[in-house]
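Protein chains in written order, with the numbering used here: chain E, 1 to 957; chain Y, 1001 to 1957.
We treat Cβ as the ideally placed atom computed from N, Cα and C, and that holds for glycine.
Here's the structure, in structure tokens; my notes come after.
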């Protein structure tokens, strides 16, 4: 299931169908379930109590083994302890649920019956592997413990069975070290180096190395003879006793008890926790425990073990892909002790086993209708399947496999869509470094993978330098301690951005994602020195002008210019085809956030069906405009009051007259410039809606920073210019305690109406010009930050008059709308009133999240929010994916709004609009569209389709 | 109806019972209602179509006239045009609703029939007065137009009827000037004085003065003869023509049409708007128009007119109270043209009329069960009642009348409670200036009446000076441009506070109300000069040390020390009795916000039943404590991280060790001091709950201001001390973009747990000490700013351990609770989850309002919010009275919380808890208590009772 599905509340934890059939052999065993719940599902022979659909309860591995058994494939008998047992274990204070242990013993008896061996039997010992297995495959969970059940007595039986004493002792030695490390938590041996750094050594490996040393330098494991191994076993047992304070357990039952608990414990291990957090997997799923009869791939040349994929997971090519080792156990393959031959070699080495395996692989792929990742062991010529699961695959492979399988008639287009992760689509659209060059490159540092893609350029440390160098034809990477809006012009021209500070949601990261530039942020190892224009990390220093390469997908920084492999959407026919399928399925339209014609055109080529957010104030900052805007702001209040006096027929002072003149002159200039901006965008989006938001940020954002100006004036002392002092006074007078909650959005428009009046005129005049050029402009004017319906009424009344006047004068029919952002909690509660006037809603979920949580994003993400997510106080960052309460507010607003205006068009703009999980929510509550940055449009197309499919699947239940 | 009732949404606009009876005379007139709605209700003879219960539709005056008519009292016939007609007039773009005019004419015909006169009839002309009349008596609405129907033709009939030509011309002259000014908007004559100031003259008065001048200096109106008056009429008509551009209308119908529209227009006049805003009266009630047959009190010595109250409205004494004038019209009484004799004089002058009036007055008081404010006219010996309405009264009178009427058996205790305005209770508890001294005093300036009461002291301009002088035994008034938290110590010791800037919700105003000090804020006329330590207004300058007097109830500032009259609750037995009645009725408990034992004790004497908010951080600022707190803050982050390292068994650097030492030492000192604070409060409130809120504000609030420190370090340049530079660095590192939404409340506790841990220990140790002193401490620990249940779980888990440890060690049983503030919108949505852990909720409606509206109170109230209320974008300031959406959020939280925990105790702390309208809401949604500042406790007791009564009344409907 794709991540949208798994993260959605209430989508998890579907009830498991009751298992009807009970295998006769099991019934015969006289086993009864004593625990209150059914905690154990066994398999063996050709029957299993579970099946492949029970991943929630049995985990992926357990469900796979059950399904394979049911399909008549050869599996070693065993049983699964359910995820529910794991959860009950934790909820009862880390105690095995009552009755579970008896059930485990009963299940062991069944396995004994099926294998004809005995757990702890000295003559014919049953050995088992114990493995964790959650619903989703998770690194960081418990590794496998093999050969459990061995002790010095049962060892004799193993030796007798294999006829190989060395094999027996080697197995025992391995078992002790595995069990000691994984189950008994034997600590590493930490040694402090001369430079103060600490290195951890595995104590068992140290003992092994010591044993090998006796056979000379470069000796191998295989050089150890039975005596060596016996001594090693003694040494291992001493290590356990010395570090853990108890004897190594000989009783197979105790071994099993401890191993089961260790698997449970691994569910809340740090790495497992971190992984779940990063992947948004719920923490309450729990892990299952699989106890499986050991089979041995290391019993001679008629034995072996391997892993294989039913198709190439890198390219998607339809070919059996994998490796195997003759006379080896699974861990040898994974550890890479010997170079493993390709799976094709098996056809030559053991043709019978190969053919059987090949057939099984094909059968499993057909059965699961997906590429499988298989593990198998051949014991003395007999093939055993140990695992089957959906294979992880690269983005390219995912797309190719999806398309091929549809062609093959194996899956439908809809099923194919569910197989591709939205993140993989994103990946396909980013440049990559050439894999070989990358492998050979010198990694300088590693930071956060803040915005994916590969960037190569000369290091520069200031935005102005970036612009200057780019103008001279250079490619640059902007390196900063951190970035601020003042650096935007440099970021816009750079190939990529590298910062030492700030998280995945810092200014650098957010802007980089928005403009589609690779970014490595928060690279704490990096020390940036602006005065020397250098940056140092791990002893390597780069100077201004030195070439560097950033991998925004991994967070790596390389010295030098690595060659890249480009990834143009236009070239990716497979991806385009998949997204066309997505378009047929999805209910949500995908719009884009774009402030410039180029961005709009690019988004349109990616499939954007409209612009959901065009931020007019972004244009205010460019080049000479900032000066015009500042000139207006400095006199805005005086001029606005003066205009009030004029309207009341009062006389103005000379100062007031000058202010009005300056203000109006600036406004007139701005109006012309903005009209040009809008013409470009409306033309680029001809025939599609363009939602233009009126000025939103507080005016002081366009003025110099208060602290900087304060220092400047203070430093100058008596020599401070009047202009600087006046500027300081204006900045101070506009200063706000909490600008996020201050004079911005429609409040600003109501206080100083000219800004929004000229913007409205500019939009309509632009539309007229575009219309006259025979195109089809569809402007929608969006009024931000409405909390009370009267704010909308007052603003809209003012602006509708402006708009109507422009249109009347031009004598051209223009199809325009007025609407509002819903971004203040209060607005959600009175959306029915607001919808009386607003022709559309667009959710501003960034502000809505800020206010509903009472978080200032700027402050929180660098501070407590980070820790909240780390400490699981919050399940995830609500600025990245919508919080369920925000979704409830939105749902209320949609329902209330449509009560008043049934055909109300509702969308979402802002970063959540490009987040697959949030897109799922938006689908669920019936939005008309999501709007995201141009680069997220393809991702959003897929995510919207998946949401629609999931919705359909849930309805079909 | 008291203001709680009127302001509550959905409490207004109750449907009016259909009027069944139609007077036969009216039916006979053949009058049919052509308008779609019934817009007109007539009265005359002894029958009226309306009644006293129809104030919504007929306004107070119309309903009173109808009621009096129905009661058989003598009223001049007339009719009322409903408030609904007024609203329809506006909603149809200032057009009289269809059919209304025909109905008016028909109603005029009925009046003609009843009076035997004709509207416009030259022989026997019907003249009418036209008056506005809204549901609530409102200054700023249209004045009365008398004698409407007069023109040069009908004038002849009037002359014939009165036999007095001069009377006729004088009436005509008065009519033109009244109608001209009020209906036709003849503008004033504005003259610029030598000093540039503008003075406005009534043009009609100017003409009148010119006419009188001809009779010599000091001539009176009565010196004008018929010829003079005829010339004056001509002059008046010319004024109309010259200024308005049209002839004065002769047609009585046109006069009536214009007058009706003028009444409607006056509903949205500026003064009326302002008044409604200030009194929280809805703007959509509309005004009625009353058209009443003219009767003449100026027809000789057997005629007269007067106003009277059924009891003394100043003292409440049961005595007929009022004035009358022989041979005069109503306007003469109001204008004070002649000194009017007391009403008792009427007994001598016209005993028959007096006795009739006295009986009517008694009848009306009994009928309405309230003191009446009456207007009457005697025309040639015949008494006409023109108005009856509930009398406005002083606070003292309100209480006395309520008590007397209950004694008299006229009303019940419950009815008595509804008669007293909560604001009057507040007034009774404030010191007042001696009225005589006040009348003689020199008023220097006038500002906002920000916090009521009288304050006298020497002017000081700095908080430190205030403290120093008070320590020397002086009484001071703190005069500031504006105040900040840094001035708190000065405000706390001052008699009163005067500021030049800031509104009714500025820091000065809010704090003054909280600590019960009189405050005049936003006194724009005042220029404060800190360097010369002077303040100037209107040409008067006061120096430091000069005595001044503030009246916080009126906003007036006087030079010199005025004598005051004290108002101690203990002395006000009547008030106490009324509040005891209130206690029997109310469902809400009244708690108080208090940070100190003295405040707690005072609130308890006012009837407080618990402490709803004890702000621990207020204690952090006092005297030497601030240094201790700062010392902790400076190393808080390093020390907290270091403690994490200790817990993980890692070594600390020397710097970290020093930080931990410094931090722990400060914390230990603070713990001891806080324990002392809590002991005092818990002892003072023995037996009652004390809700103590853990530290809430961001830590940087305890550090110097960033800008100040920046200037200090910048100025010092190279000479800046390391300490100052380090302090600046710390301040910068703690600086937040939006501190309101930043690291505060429980977030702070989760980041730096020691602050809340020591506070919890201090609270429990204090409780132990108080318990050991044989008192009954009931601490309730409140965790602020919870938005996600996990924040509460994490904090509460941490602190419950601390609390349990203290109690276990002491071996004493302590009854303590943990609860949370609900002040973040998100918390309202998940209140069911939160209530699983929280034992009580307390609404922090200030923050809830800030976040739900997206307003930063600090920024908004001085800025756009003021204008929003002025411009009616918001009906009122949501920080003063709860907004309906906030109430909805609260209601949801209460319902969800009690779903989980049915006995959940829910209260409100913060300023809304002392606001009568908000108290009404709190009652409605089922809170257990409201908590307000000590001085508001008596007010809240009454408001809570009124809310309960209103609730009961609504249920009884």
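Buried or exposed (CB count within 10 angstroms, at least 16 for buried), residue i
i                       : result
residue 1517 of chain Y : buried
residue 929 of chain E  : buried
residue 152 of chain E  : exposed
residue 1129 of chain Y : buried
residue 1290 of chain Y : buried
residue 1650 of chain Y : exposed
residue 1205 of chain Y : exposed
residue 1507 of chain Y : buried
residue 1076 of chain Y : buried
residue 418 of chain E  : buried
residue 1826 of chain Y : buried
residue 606 of chain E  : buried
residue 91 of chain E   : exposed
residue 389 of chain E  : buried
Proximity test, Cβ basis, 8 angstroms: residue i and chain E
i                       : result
residue 1736 of chain Y : yes
residue 1650 of chain Y : no
residue 1851 of chain Y : yes
Beta-carbon separation (whole angstroms), residue i vs residue j, contact threshold 8 angstroms
i                       : j                       : result
residue 1476 of chain Y : residue 1463 of chain Y : Their Cβ separation, rounded to whole angstroms, is 10 angstroms, which puts residue 1476 of chain Y and residue 1463 of chain Y out of contact at 8 angstroms.
residue 1578 of chain Y : residue 1391 of chain Y : Wrong, their Cβ atoms sit about 18 angstroms apart, outside the cutoff.
residue 1519 of chain Y : residue 1445 of chain Y : Between residue 1445 of chain Y and residue 1519 of chain Y the Cβ distance is about 14 angstroms, and since that is not below 8 angstroms, they are no contact.
residue 620 of chain E  : residue 443 of chain E  : 41 angstroms between Cβ atoms; not a contact.
Residue i versus residue j - alpha carbon distance
i                       : j                       : result
residue 1693 of chain Y : residue 1887 of chain Y : 23 angstroms
residue 318 of chain E  : residue 310 of chain E  : 7 angstroms
residue 993 of chain Y  : residue 1110 of chain Y : The first residue shown for chain Y is 1001 and the last is 1957, placing residue 993 of chain Y beyond what the model contains.
residue 1615 of chain Y : residue 1387 of chain Y : 52 angstroms
residue 818 of chain E  : residue 838 of chain E  : 6 angstroms
residue 735 of chain E  : residue 903 of chain E  : 41 angstroms
residue 112 of chain E  : residue 118 of chain E  : 5 angstroms
Enclosing alpha helix (DSSP H) for residue i [first to last residue]
i                      : result
residue 868 of chain E : 864-870
residue 422 of chain E : 422-428
residue 971 of chain E : The shown model of chain E, from 1 to 957, leaves out residue 971 of chain E, and the question about it has no answer.
Below-8 angstroms beta-carbon distance, residue i vs any chain Y residue
i                      : result
residue 970 of chain E : Residue 970 of chain E lies beyond the range of chain E shown here (1 to 957); nothing can be said about it.
Segment limits, beta strand (DSSP E) that includes residue i
i                      : result
residue 379 of chain E : 372-379
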